[in-house]
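Enquirer:
Numbering (the numbering used here), first residue to last: 6 to 402.
1) Thinking C-beta only, is residue 310 closer than 7 Å to residue 298?
2) When DSSP labels each residue in this structure, what does residue 155 get in the three-state scheme?
3) Is there a C-beta anywhere in chain B that falls below 7 Å from the one on residue 247?
4) What are the residues that DSSP puts in a beta bridge with residue 282?
5) Find the nearest neighbour of residue 377 within the set 276, 69 and 295, judged by alpha-carbon distance.
6) By the DSSP assignment, the alpha helix (DSSP H) with residue 198 in it spans what residues?
7) Please identify the residue among 318, 325, 335 and 324 whose C-alpha is closest to the C-alpha of residue 369.
8) Would DSSP call residue 114 helix, strand or coil?
9) Helix, strand or coil, according to DSSP, for residue 136 in the structure here?
10) Taking the Cβ atom as the reference point for each residue, do residue 135 and residue 142 lie within a distance shorter than 7 Å?
11) In the structure shown, what three-state DSSP assignment does residue 262 receive?
12) Considering just the uninterrupted stretch of the alpha helix (DSSP H) at residue 90, what are its terminal residues?
13) Residue 106: which of 129, 84, 119 and 123 sits nearest, CA to CA?
14) Determine the direct distance from the alpha carbon of residue 218 to that of residue 225, and round the result to whole angstroms.
15) By Cβ distance below 6 Å, which residues in the same chain neighbour residue 25 in space, the five residues on each side in sequence not counted?
16) Please determine, among 53, 280, 255 and 209, the residue with the shortest C-alpha to C-alpha distance to residue 268.
17) Per the DSSP calculation, residue 234 is bridged to which residue(s)?
18) What first and last residue would you give for the beta strand (DSSP E) that runs through residue 306?
19) Would you say the stretch 32-40 touches the stretch 70-86, given that touching needs at least three Cβ pairs under 8 Å?
20) Would you kindly work out how many angstroms separate the C-alpha atoms of residue 110 and residue 41, rounded to a whole number?
21) For residue 127, which residues of its own chain have a beta-carbon under 8 Å away from its beta-carbon, when the five flanking residues on both sides are left out?
22) Could you check what DSSP says for residue 28 in three-state terms: helix, strand or coil?
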């Protein structure tokens, strides 16, 4: 009888598996908490941006020089550059820069010059290379041609709306502002790899930035757009201070923050092309991003594994196949799906649910890339092989 009583009260798991069981529940709680918090952050940012948008005057007070470093005939280059030529802004100029006099991007700029004769527009062809970062070299070559003290930098694969320039420069009226930057959403065709790349941006990168910003962080800056005043640029040592850095956009913002100036995350969300047609090229591109993030913020990168909701919940259930873990996992799945639906861009509403089935594979690929980013530092950037740690933080003046 004694033996039977002991058997009736045995725990559902062997004693040596209790640690695994609790680990599984903890993992499920972490993944679910992140999914819920990132959903909350999306709604919080949407509410804040609604109020901000009402305060922006359609015509900001200062003339602007818009600097566009170019490299090659990228897909949709004409459409993207065209969107910058048609801004509802009283006084601005466009400066396009290339290194190679045979660069096919030149023909696109010349076409735009013919189509917009009223728009001040200059093409700067300068082969001078100032450092390891060719984009920054291009900006160094462009800056002497800029006539205005308000500057906007934007990558070549960015597409904007006609009110972009007015909204992005409005915070520069505050002398406490160092830079203004903005998030971006992916624009992809039908290729599977491009759609996976779009999910990387829309369903992983952007939610993590919004969550960080919701908790008060402004330690970011994105090449999609950086607006700043010339005096702030000069105070950090100019573009020359960034000529050997990999994440030049981040360090441009970081240097202004070191001066006590604020980074403003605009309510503007611009579009960026995702053009990878093969998963191999997507893998290389995203590894560069992740290794760069690891070099900039090692601790933040290490703990970012909790962002990969689907594989973490599967692992949690394998470690702890119990009712409590299942309930937590189902809550995490619901929050993950809700975040996907909430965060989808308005201009893609017709295909809102098309790629939701890809999200488990997207998270799984991210987890593999995260592991790959932990073991090496080399990145491939436009034919250059760089070491992410060698081109990380610059020295401060």
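Using N, Cα and C, we set each Cβ at its ideal position, and we do this for glycine too.
Computed from a predicted model, the values in this text were never measured in an experiment.
Expert: Checking against the coordinates, here is how it stands:
1) no
2) strand
3) The structure shown contains no chain B; it is built from a single protein chain.
4) Partner(s): none; residue 282 has no beta bridge.
5) 295
6) 197-205
7) 318
8) helix
9) coil
10) yes
11) helix
12) 82-90
13) 129
14) 9 Å
15) 324
16) 255
17) 155
18) Element bounds for residue 306: not the beta strand (DSSP E) but the alpha helix (DSSP H), 303-307.
19) no
20) 44 Å
21) 98, 99, 100, 101 and 150
22) helix
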